[in-house]
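**Q** Residues in the sequence shown are numbered from 73 upward in steps of one, following my numbering. Virtual Cβ for every residue (Gly too), placed ideally from N, Cα, C. Every value quoted in this text rests on a predicted model; they were computed, and no experiment measured them.
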Amino acid sequence: MLDAPIASLPKVSRAILPALKRLGIETLRDLLFHFPARYEEFPAERPIARVAAGESVTIKGVIQRISGFRTPRKGMHITEAAIADASGMIQAVWFNQRFLEQNLKEGSIVRLSGKVVRGTRGLTLQNPSHEKVTSDLRQATGSSDTHTEGLVAIYPETYGITSRWLRFLIRTYIGATSDMPDPLPQETLARHGLPPLTSALRAIHTPDTRESALRAEKRFIFEEMLLLQMHSLRERARLKARRAREIPFDVPLVKEFVISLPFRLTDAQRRAIWEIGHDMAKDQPMNRLLEGDVGSGKTVVAAAAALLAVRAGGRVACMAPTEILARQHHATFTSILAPFHATIGLLTGAKKEYGALTDIVIGTHALLHREKDFADFNLVIVDEQHRFGVSQRAALTRNKELGIRNNDKSGHPIIHNSQFLLPHFLSMTATPIPRTLALAVYGDLDLSLLDEMPQNRKEIITRIVSPGKRREAYAFIRAEVSRGRQAFVICPRIETPNQEARIKNQEGQQKSLLAAEVKTVMDEYKKLTTEIFPDLRIAMLHGRMKAKEKDAIMQKFRSRDTDILVSTSVIEVGVDIPNATIMMIEGADRFGLAQLHQFRGRVGRGSDQSYCFLFPTEDGAVSRRLHAVANAKNGFELAEKDLAIRGPGDIFGTRQWGEAGLAIRGVRDPKLVRDVRQEAVELVKKSPDLSAYPALAERLARMEKTLHLE
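1) Sort 348, 247, 85 and 376 by Cα distance to residue 330 and report the nearest one.
2) Hey, is the stretch 630-641 in contact with the stretch 607-620, meaning 3+ C-beta pairs nearer than 8 Å?
3) Which parts of the stretch 145-195 are runs of the alpha helix (DSSP H), unbroken and 4 residues or longer, counting only runs that do not cross its ends?
4) Looking at the structure shown, is residue 356 part of a helix, part of a strand, or coil, going by DSSP?
5) Please classify residue 616 as buried or exposed, where buried requires at least 16 neighbouring CB atoms within 10 angstroms.
6) Kindly list the residues whose CB is nearer than 7 Å to the CB of residue 168, restricted to its own chain and excluding five residues on each side of it in sequence; keep chain order.
7) What is the DSSP secondary structure of residue 571, counted as helix, strand or coil?
8) So what does residue 498 bridge to, in DSSP terms?
9) With DSSP collapsed to three states, give me the class of residue 417.
10) Kindly indicate which three-state DSSP category residue 142 falls into: helix, strand or coil?
11) What are the uninterrupted segments assigned as beta strand (DSSP E) that are 3 or more residues long and contained completely in the stretch 210-293, given in chain order?
12) Going by alpha carbons, who is nearest to residue 372 out of 543, 85, 451 and 401?
13) Can you name, in chain order, every residue of its own chain whose Cβ lies under 6 Å from the Cβ of residue 601, other than the five neighbours on each side?
14) Within the continuous beta strand (DSSP E) that includes residue 558, where are the two ends?
15) Would a C-beta distance cut-off of 7 Å place residue 267 and residue 291 closer than the cut-off?
16) By Cβ distance, which residues of its chain are closer than 8 Å to residue 246, with the 5 residues on each side in sequence left out?
17) Tell me whether the beta-carbon of residue 135 lies closer than 7 Å to the beta-carbon of residue 153.
18) Using 10 angstroms around the beta-carbon of residue 777, count the other beta-carbons present and answer buried if the total reaches 16, otherwise exposed.
19) Measuring alpha carbon to alpha carbon, tell me which of 171, 563, 302 and 249 ends up nearest residue 75.
20) Enumerate in chain order the residues of its own chain whose CB-to-CB distance from residue 310 is below 7 Å, with the five nearest sequence positions on each side excluded.
21) May I ask you to report which of helix, strand or coil DSSP gives residue 617?
22) Based on the DSSP output, what are the partners of residue 133 in its beta bridges?
23) Please report the distance separating the alpha-carbon of residue 748 from that of residue 756.
24) Return helix, strand or coil for residue 106, following the three-state DSSP convention.
25) Nearest-angstrom Cα distance between residue 237 and residue 180?
26) Along the chain, where does the alpha helix (DSSP H) that runs through residue 764 open and close?
27) Skipping 5 residues on each side, what residues in its chain have a beta carbon closer than 6 Å to that of residue 416?
28) From residue 689 to residue 659, what distance separates their C-alpha atoms?
29) So what's residue 726 in DSSP terms, helix, strand or just coil?
30) In this structure, what does DSSP give as the bridge partners for residue 636?
31) What does the Cβ neighbour count give for residue 667, buried or exposed, with the cut at 16 atoms within 10 Å?
32) Cutting at 6 Å between CB atoms, please list the residues of its own chain near residue 255, excluding the five before and the five after it.
33) State the Cα-Cα distance for the pair residue 397 and residue 359, rounded to the nearest angstrom.
34) How big is the Cα-Cα spacing for residue 539 and residue 145?
35) Run the CB neighbour count on residue 73, radius 10 Å, all protein chains shown included, and call it buried at 16 or more, exposed below.
36) Is the CB-CB distance between residue 204 and residue 189 below 7 Å?
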């Protein structure tokens, strides 16, 4: 029953299926494992006569009358009701909720929870949460206090799906979990004091106390972290059983490469090259994550690894998440490796610019579909791995193996016994990840850390700009441009939201419900060109442009034919314009912390002082997150602050819920990370194929099918 399509449930209409899909809910199992983001605590019920102005209260009574009207000036619909119990009467008022006049009838018993204010007609409950107290509700949920009393679950929502509706549906079907096998063995539950699956599910959705909710949450965090760790251990074991072509660590070649560079490498870069070189010299496939803050010089390290592979007679594939970044990597590799005469090609969705004998092929996702070309790639480099997902990374390995099968005519026993030589694998990320998170999420990769910045880099001065200081910021930008510098202006979305766009975008994914005042690229471009900087050269860039058009715009900006580039988050990753010294971010509070840091990293890449201006929405309070960005000296410090501030959520700033979402909650607790790691080791040691733990094996297999660390 748990794998039954959500559409088959009696209380789910076809009209809301697209909205449920945006939340990742396609089966009953998905629904029951759609966990709360937080809880609201409603006060215990009290008699109406005992409420006072300024208090948040819960009352139960009978609706004496209910009616609605529209205000003449603003056209706001107001619904008013009078509710009485044995002790007295109180008014309730709702704004723009006309449907209540059909849902709540005179004579109905309701429970209301909200804040009491004193108005001209006495005490009033303003915009309270409401719940009809009926026998049907008691029968469906086993309780009448689903929405207005005690701890109430608040879920990740989307347009058309409310927490209220999710609470009702989950309580209706929670009984389906009674015979669900628990993935965690009894010995694991006992060792770590964790509740069994069925009781934990009930406690996380309908907790009696905060303590029971936290205990249930810890159980599911432990489970997700354990699955990730077991996946990592099994991946490591699989890799140890596989073979790769040895790439000799040619130290004289590396020294020649370092001397040829027009800048001095940091000690961290030298250390990373040393670690990678030693890994590739083994006959086991390297599986390494190169982590470094924006501007720390990861591309140079990757180029050194590529040079070693090419000089050993192999070929290299380098994959980037966007065409802009792929072309930039192509230009950087071509420049850095020019003295060594390596041939470097480019493959994007738009075109193929390489041949069969090209040493290094740089591209986008298009590389995943070139299986015949992967037969002799000895090294695969993937930039911003979490943007690809494990399944796409696995496709590279599958293509390598399939290419060898299809191309080999030698009858070599290694090939025909399915013992293919795997490529060495180097993943790069500029997303700052705390060490505990790296262990939890990327446990199957060895870690090389670039924790130093090049000596000529100055710290970027970051300021939060209030609406009253906007003119000063514009004047500062003009002054920088007059000195020959350039500026980025970042906006959150392409057009103003409308009803259709809220429900579904062209990819069928959820769009954020951004407030109308959030700047759009088109509006901002028009304002800057007509009102603020009519005399400056301004260009616009967004993801819906064709690749050729984007390339032309970036080339003009790179060659200093454009003063200001107005863009969406399409330039978030990797764009390198050393002459750009100003990053201005509109609607800064609409972006994730890691995204803001990535944007800031687009400037400060030359020797000139650079600046980042954060503009919150006009009436938005300046959040702790914006202050954290302004005050953090580097990405690693910011990542730790992000975990401390947000706790639950996606540190990568892209998505709140996913397979790794719960695991990310647990990384704030280093002891928990160690305990989970040790538990994973014990279970795999006791039963390497997990045959002793069938429920755990089934859960792990299901996770591995869908695992995307994006």
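**A** Taking the structure as given:
1) By 1-based counting over the sequence shown, the position of residue 330 is 258. Residue 376 is the option with its Cα nearest to residue 330.
2) yes
3) 172-175
4) In the sequence shown, counting from the first residue as 1, residue 356 sits at position 284. In the structure shown, residue 356 sits in coil (DSSP, three-state: anything other than H, G, I, E or B).
5) Within the sequence shown, numbered from 1, the residue matching residue 616 stands at position 544. So residue 616 ends up on the exposed side.
6) For the purposes of this step, residue 168 is taken as the residue at position 96 of the sequence shown. Once the five neighbours on either side are set aside, the close Cβ partners of residue 168 are 148 and 149.
7) Within the sequence shown, numbered from 1, the residue matching residue 571 stands at position 499. Per-residue confidence for residue 571 stands at a pLDDT of 37, beneath the threshold of 50, marking its modelled position as unreliable; the derived number appears in the next sentence. DSSP places residue 571 in helix when its eight states are reduced to three.
8) For the purposes of this step, residue 498 is taken as residue 426 along the sequence shown, with counting starting at 1. According to DSSP, which records beta bridges pairwise, residue 498 is partnered with 360 and 453.
9) Residue 417 sits at position 345 when you count from the first residue of the sequence shown. Reduced to three states, the DSSP call for residue 417 is strand.
10) Along the sequence shown, read from residue 1 onward, the residue named residue 142 stands at position 70. DSSP places residue 142 in strand when its eight states are reduced to three.
11) 222-226
12) For this step, residue 372 is matched to residue 300 along the sequence shown. Looking at the Cα atoms, 401 is the closest of the given residues.
13) For the purposes of this step, residue 601 is taken as residue 529 along the sequence shown, with counting starting at 1. These residues qualify, in order along the chain: 610.
14) As a position in the sequence shown, residue 558 is number 486, starting the count at 1. Residues 558-562.
15) For this step, residue 267 is matched to residue 195 along the sequence shown. For this step, residue 291 is matched to residue 219 along the sequence shown. Against a cut-off of 7 Å, the Cβ pair of residue 291 and residue 267 comes out as a contact.
16) Locating residue 246 in the sequence shown gives position 174, counting from the first residue. Closer than 8 Å at the Cβ level, and outside the excluded window around residue 246, lie 104, 273, 274, 277 and 278.
17) By 1-based counting over the sequence shown, the position of residue 135 is 63. By 1-based counting over the sequence shown, the position of residue 153 is 81. Yes, the pair counts as a contact, with Cβ atoms nearer than the cut-off.
18) Here residue 777 refers to the residue found at position 705 of the sequence shown. Its Cβ having fewer than 16 others within 10 Å, residue 777 is exposed.
19) In the sequence shown, the residue the question calls residue 75 occupies position 3. The option with the nearest alpha carbon to residue 75 is 249.
20) Position 238 of the sequence shown, counted from the start, is the residue given in the question as residue 310. Hits under 7 Å: none found.
21) Numbered from its first residue, the sequence shown carries residue 617 at position 545. Note: residue 617 maps to coil in three-state DSSP.
22) Along the sequence shown, read from residue 1 onward, the residue named residue 133 stands at position 61. Residue 133 pairs with 182.
23) To locate residue 748, count along the sequence shown from 1; it is residue 676. To locate residue 756, count along the sequence shown from 1; it is residue 684. Rounded to the nearest angstrom, the two C-alpha atoms are 12 Å apart.
24) Here residue 106 refers to the residue found at position 34 of the sequence shown. Residue state, collapsed to three classes: coil.
25) Counting from 1 along the sequence shown, the entry for residue 237 is found at position 165. Counting from 1 along the sequence shown, the entry for residue 180 is found at position 108. Cα-Cα distance, rounded: 20 Å.
26) The residue you call residue 764 lines up with position 692 of the sequence shown. Neither: residue 764 is in no alpha helix (DSSP H) and is coded neither H nor E.
27) On the sequence shown, position 344 is the one that residue 416 refers to. Correct list, in chain order: 405, 406 and 432.
28) Against the sequence shown, residue 689 aligns to sequence position 617. Against the sequence shown, residue 659 aligns to sequence position 587. One C-alpha to the other measures close to 5 Å.
29) By one-based count along the sequence shown, residue 726 stands at place 654. Caution is warranted here: a pLDDT of 30 is assigned to residue 726, below 50, making its placement in the model unreliable, and the coordinate value is therefore given only provisionally. The answer is coil: DSSP assigns residue 726 none of H, G, I, E or B.
30) For the purposes of this step, residue 636 is taken as the residue at position 564 of the sequence shown. DSSP, once it has assigned bridges, lists 559 and 610 as partnering residue 636.
31) In the sequence shown, residue 667 corresponds to position 595, counting from 1. It counts as buried.
32) Here residue 255 corresponds to residue number 183 of the sequence shown, with the count starting at 1. So the list reads 767, 768 and 771, once near-sequence residues are dropped.
33) Numbered from 1 along the sequence shown, position 325 holds the residue referred to as residue 397. Numbered from 1 along the sequence shown, position 287 holds the residue referred to as residue 359. Looking at the two C-alpha atoms, the distance is approximately 23 Å.
34) Reading the sequence shown from its first residue, position 467 is the one you call residue 539. Reading the sequence shown from its first residue, position 73 is the one you call residue 145. Using only the alpha carbons, I get a separation of about 28 Å.
35) Within the sequence shown, the letter at position 1 stands for residue 73. Flag for residue 73 reads exposed.
36) Position 132 of the sequence shown holds residue 204. Position 117 of the sequence shown holds residue 189. No, the pair does not count as a contact, with Cβ atoms beyond the cut-off.
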